[in-house]
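In UniProt numbering, the protein residues as written are 1 to 907.
Backbone N, C-alpha and C define an ideal beta-carbon position, used for all residues, glycine too.
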Amino acid sequence: MDTSSSTQGGSGNLSLSTPELAANEDGEPDDDEDDDDDDTDNDDRNEKKEGSLTDLLVDLDGGTNSRSHRNRRFTRTTFECRSNGVDGVPTNKKAVRKSSGSLKAKIGTYADVLRSVMYQMMDTSSGDIDEMDEEIFEDETDANEDELIEDHDLGLTAGILPRGLIGKIGNDGGIRLNWRQMSQLLMNEPHRLQEGTSKGRLTQSNLRQWDDEFVLKCQFQALIPAFDPRPGRSNVNQTQDVELPANLTEFPATPNPLVMNNDIKLRLFLRGPNLPGIENKTIELCKDEQSLFKCIQTLTNNIEWQQKGDKNRRIFDPTYTILYEDASTAPSVDTSNIPTEESKVPEVVNQTLDVLNLLAKIATTLPESELPSNIFVSEKLTQKLIQELSDPLVVSSRSMPEWCERLIYAYPCLFTMDTRNMYMQATAFGVSRSIVWLQSRRDAALEKTRGASSNATVGSATVRREDAYEYRVGRLKHERMKVTRSEDALLEQAIRVFRFHSFNKAVLEIEYNGEEGTGLGPTLEFYALVSAEMQRKALAIWWCDDLDETQLKLEEKELDLGEGKKPPGYYVRRAGGLFPAPLPPNTEQRRRASELFHVLGIFLAKVLQDGRLVDIPLSQPFLKLAIHPKVNNHTSLNDLDGVLNLDDFEEVHPVKGRFLKELSSLAARKRTIECDENMDNIAKRRRIDELTLNFNGTRCKIEDLALNFTVNPPSTVFQYKEMELLEGGSDMDVTMDNVELYVEKCTDYYLNSGIIEQVRAFREGFDKVFPLHSLRSFTSQEVQCLISGEQCPEWTREDLINYTEPKLGYTRESPGFLRFVDVMVELTAPERKSFLQFATGCSSLPPGGLANLHPRLTIVRKVESGDGSYPSVNTCVHYLKLPEYSSSEILRERLLTAINEKGFHLN
Numbered sequence: 001m002d003t004s005s006s007t008q009g010g011s012g013n014l015s016l017s018t019p020e021l022a023a024n025e026d027g028e029p030d031d032d033e034d035d036d037d038d039d040t041d042n043d044d045r046n047e048k049k050e051g052s053l054t055d056l057l058v059d060l061d062g063g064t065n066s067r068s069h070r071n072r073r074f075t076r077t078t079f080e081c082r083s084n085g086v087d088g089v090p091t092n093k094k095a096v097r098k099s100s101g102s103l104k105a106k107i108g109t110y111a112d113v114l115r116s117v118m119y120q121m122m123d124t125s126s127g128d129i130d131e132m133d134e135e136i137f138e139d140e141t142d143a144n145e146d147e148l149i150e151d152h153d154l155g156l157t158a159g160i161l162p163r164g165l166i167g168k169i170g171n172d173g174g175i176r177l178n179w180r181q182m183s184q185l186l187m188n189e190p191h192r193l194q195e196g197t198s199k200g201r202l203t204q205s206n207l208r209q210w211d212d213e214f215v216l217k218c219q220f221q222a223l224i225p226a227f228d229p230r231p232g233r234s235n236v237n238q239t240q241d242v243e244l245p246a247n248l249t250e251f252p253a254t255p256n257p258l259v260m261n262n263d264i265k266l267r268l269f270l271r272g273p274n275l276p277g278i279e280n281k282t283i284e285l286c287k288d289e290q291s292l293f294k295c296i297q298t299l300t301n302n303i304e305w306q307q308k309g310d311k312n313r314r315i316f317d318p319t320y321t322i323l324y325e326d327a328s329t330a331p332s333v334d335t336s337n338i339p340t341e342e343s344k345v346p347e348v349v350n351q352t353l354d355v356l357n358l359l360a361k362i363a364t365t366l367p368e369s370e371l372p373s374n375i376f377v378s379e380k381l382t383q384k385l386i387q388e389l390s391d392p393l394v395v396s397s398r399s400m401p402e403w404c405e406r407l408i409y410a411y412p413c414l415f416t417m418d419t420r421n422m423y424m425q426a427t428a429f430g431v432s433r434s435i436v437w438l439q440s441r442r443d444a445a446l447e448k449t450r451g452a453s454s455n456a457t458v459g460s461a462t463v464r465r466e467d468a469y470e471y472r473v474g475r476l477k478h479e480r481m482k483v484t485r486s487e488d489a490l491l492e493q494a495i496r497v498f499r500f501h502s503f504n505k506a507v508l509e510i511e512y513n514g515e516e517g518t519g520l521g522p523t524l525e526f527y528a529l530v531s532a533e534m535q536r537k538a539l540a541i542w543w544c545d546d547l548d549e550t551q552l553k554l555e556e557k558e559l560d561l562g563e564g565k566k567p568p569g570y571y572v573r574r575a576g577g578l579f580p581a582p583l584p585p586n587t588e589q590r591r592r593a594s595e596l597f598h599v600l601g602i603f604l605a606k607v608l609q610d611g612r613l614v615d616i617p618l619s620q621p622f623l624k625l626a627i628h629p630k631v632n633n634h635t636s637l638n639d640l641d642g643v644l645n646l647d648d649f650e651e652v653h654p655v656k657g658r659f660l661k662e663l664s665s666l667a668a669r670k671r672t673i674e675c676d677e678n679m680d681n682i683a684k685r686r687r688i689d690e691l692t693l694n695f696n697g698t699r700c701k702i703e704d705l706a707l708n709f710t711v712n713p714p715s716t717v718f719q720y721k722e723m724e725l726l727e728g729g730s731d732m733d734v735t736m737d738n739v740e741l742y743v744e745k746c747t748d749y750y751l752n753s754g755i756i757e758q759v760r761a762f763r764e765g766f767d768k769v770f771p772l773h774s775l776r777s778f779t780s781q782e783v784q785c786l787i788s789g790e791q792c793p794e795w796t797r798e799d800l801i802n803y804t805e806p807k808l809g810y811t812r813e814s815p816g817f818l819r820f821v822d823v824m825v826e827l828t829a830p831e832r833k834s835f836l837q838f839a840t841g842c843s844s845l846p847p848g849g850l851a852n853l854h855p856r857l858t859i860v861r862k863v864e865s866g867d868g869s870y871p872s873v874n875t876c877v878h879y880l881k882l883p884e885y886s887s888s889e890i891l892r893e894r895l896l897t898a899i900n901e902k903g904f905h906l907n
């Protein structure tokens, strides 16, 4: 691939090979006419070369070429050489002259000087250090620094040496380099010594000879080598222990790849195919999330090939050129010859899609429509999308056609929820996860084929077994962290764990100190405990009302969300779900709430990425915020104006929502009177004064409510006393003249300004794991289902018989198994959630119920056990070890007792 430089005046190719630098000032190659010069002339020239090099080494600030300036710099920062060389190689200039009389013999090139620096680093036993004589600078060359770059071989390397050594000079003037830094200098990679130094000759110095055999491979930190079952093969352990840092300051400062850098220095273009008889096309490389293969694919699809089949056959044959130019100037490369995919779509198609999307939204907002949920699903588009997702190269290189993303996000009604979830699994979690997802899909297909052809020959079975590992790129790494089972320290441990692991694409596993259990079970329990901890009322991050009768009724009983039974009011329980509590700005409580919402974003993103389920009943308005384009795009989030309305607020707080809607209706009636041209001002004023509120059958004037422009905290867990909606709002009464302003300010505080920082922190935390905008294709109800599964698990007797697997002592006709089915059918809703938490590690079922629980719930007979023993489980594989009890009553009592037991121990 060529690399070109483009400016406003045109563009030219830069060879990737290192140029021959033996040239004179005029740019013409030097001949050998000077070979007849005497030794004195040679020594003079060599002294000039050495002096120029030393000037470059000393002049670290890139100063002038004046002799006085360099001499002054020399007195402050001296280039020192050890008096004793290595293996008899002198490193002092005078010693060089005495030893051979020819400076070129010992320090003829810059590489020798660098080697001498390396020698003095190696020799730590030498005594005093001799400074180089100032007479080095007496015989200066007349050439400037740029001409030196042309005059001397390897001059590019030494030319950038001063800049590479900035910050590497000690107080005594000595150069402080470690072996890695020295190797980077010798390997012509000084740009790695100092980040951000990539201008001028430094950029040119990085050029090296093109190597046709060189292959650049991408490393996936979350992948380890694939498992090889063949005898004698060694395999890397998939689970690796990771120590959690003790202090927050030890967290790695990993940059967010989604945050766009506005300080762009270069503008990049891709041009191809550079073949005779075919017109070149050029596209701009402006999207950081796109792979280079995706750009080449876009370029290839827009090239007018001589033959139709060349587009697919010759994508890797041409040479593609990357052009670059200064981003601060106007673009000089024309890219208008590449039309967008959307511009190729006929307008009638776009109009049809818009109508279908509008009808789908109407169907969801009007329950009386009674339309089937899949009435707008296109089977042909679904099959086409699944076909694209089945292409390993397209998925792993992030080169899905543009129509896939456009239709999925703009017209989600065209696809089922399962298809949209499949698209998210394949594209949202990074390349490592995409590769593993492709491999799991292939394994599932092979397993299905193996089951369908159970009578196949041994030879074909051998081929299939080889396929299972022959086409694997790698396995997904599991990183295991140890935490302490402590209710008091749980939240702080969770904050440290999820902040530390936020950017990591490996699977997070949890192990409790002092317990033998490892794997999926303790991990799921940790997620469940963190989910419960995030719902504590004392955190003061969720809307709660001490006077709300509905909430008080929901909180009147003890509740166990995984941490044991808690007293009434310990958790926030709202009929409409959890919604961020509006908090006054610039307060410590709001800052703490923002930190917790940041962790909540990481937590929920990890839940989706690792395929976990947690029982956290988020409200539909909050999820509506999360999937709204104004919130989940990459632009700065300054306000939430227009995202939610009073209908959403009524779902959060029915009483306050209805009250504000009644005030809004009152203001609308007032405006109607003011716009009536048939009444004079006196009549209008009289009619306005007669307006009354009708709230829950009670009529009153707005002045009778004695409202002012303040809001009071709805619960004692909030630390503020009142919040002024306007400056001086506590002294401003609400009247018919300013009722619209009161409704506007209340709505803004509850749904915008009071929660903006929490929502912004939630988005930032979520984006650290994977982009929040990947959820745009789902409705708020579907997102809740992805996070929590079925909130109220239900099953029938037929479901239990068909979707569970009795083994090892039990069959579907065994009396012990049938007694278990009878007990399971009679469990209450809370008991079912507790059983699922006990058996699977999660209190919810995935969408679709028991039929979609994988692996299936397996019931085996616990040997040598009777009525006095208790059931035990292996949550990692959904394995229930059930003794054969003599009656259903004993089975129920022993099962409920085991459900309430906490901890993971071997049994």
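Nearest-angstrom Cα separation, counted from residue j out to residue i
i      : j      : result
Val607 : Phe770 : 11 angstroms
Lys565 : Leu559 : 5 angstroms
Leu385 : Gly519 : 35 angstroms
Ile801 : Gly816 : 13 angstroms
Gln387 : Ser434 : 15 angstroms
Val873 : Ala226 : 30 angstroms
Ser619 : Leu323 : 50 angstroms
Tyr411 : Ala363 : 14 angstroms
Ser865 : Glu884 : 7 angstroms
Arg441 : Phe838 : 29 angstroms
Val333 : Asn504 : 38 angstroms
Beta bridge counterpart(s) of residue i as assigned by DSSP
i      : result
Asn694 : Arg699
Met723 : Val711
Ser872 : Lys881
Trp542 : Pro580
Gly272 : Lys281
Leu637 : Leu637 is not bridged to any residue.
Val860 : Lys807 and Lys881
Glu509 : Arg480
Gln240 : Glu479
Assigned exposure category for residue i - 16 Cβ within 10 Å defines buried
i           : result
His854      : exposed
Pro568      : exposed
Gln784      : buried
Thr365      : exposed
Asp548      : buried
Ile682      : exposed
residue 934 : The displayed coordinates of the chain run from 1 to 907. Any statement about residue 934 would go beyond what the structure contains.
Lys217      : exposed
Glu135      : Residue placement at Glu135 is poorly supported in this model, since its pLDDT is 42, which falls under 50; the coordinates still yield a value, given next. Exposed, by the Cβ-count rule.
Val825      : exposed
Phe579      : buried
Asn632      : buried
Val759      : buried
(Q) Within 8 angstroms, do at least three Cβ pairs link the segment 827-846 to the segment 610-623? (A) yes
Q.
If contact is defined by three or more beta carbon pairs under 8 angstroms, each pair taking one atom from either stretch, is the segment 475-495 in contact with the segment 508-520?
A. yes
Q.
If contact is defined by three or more beta carbon pairs under 8 angstroms, each pair taking one atom from either stretch, is the segment 233-249 in contact with the segment 271-291?
A. no
Q) Unbroken beta strand (DSSP E) runs of length 3 or more, entirely within the segment 474-507: which are they? A) 478-483
**Q.** Three or more C-beta pairs below 8 angstroms linking the segment 631-650 and the segment 696-707
**A.** no
Q: Please determine if the segment 685-694 and the segment 713-724 are in contact, where contact requires at least 3 C-beta pairs separated by less than 8 angstroms.
A: no
Q) Quick check: the segment 567-582 against the segment 730-741, are there 3 or more CB pairs under 8 angstroms? A) no
Q.
Three or more C-beta pairs under 8 angstroms: does that hold for the segment 764-780 against the segment 419-429?
A. yes
Q. Is it true that the segment 340-349 meets the segment 302-313, where meeting means three or more beta-carbon pairs spaced less than 8 angstroms apart?
A. no
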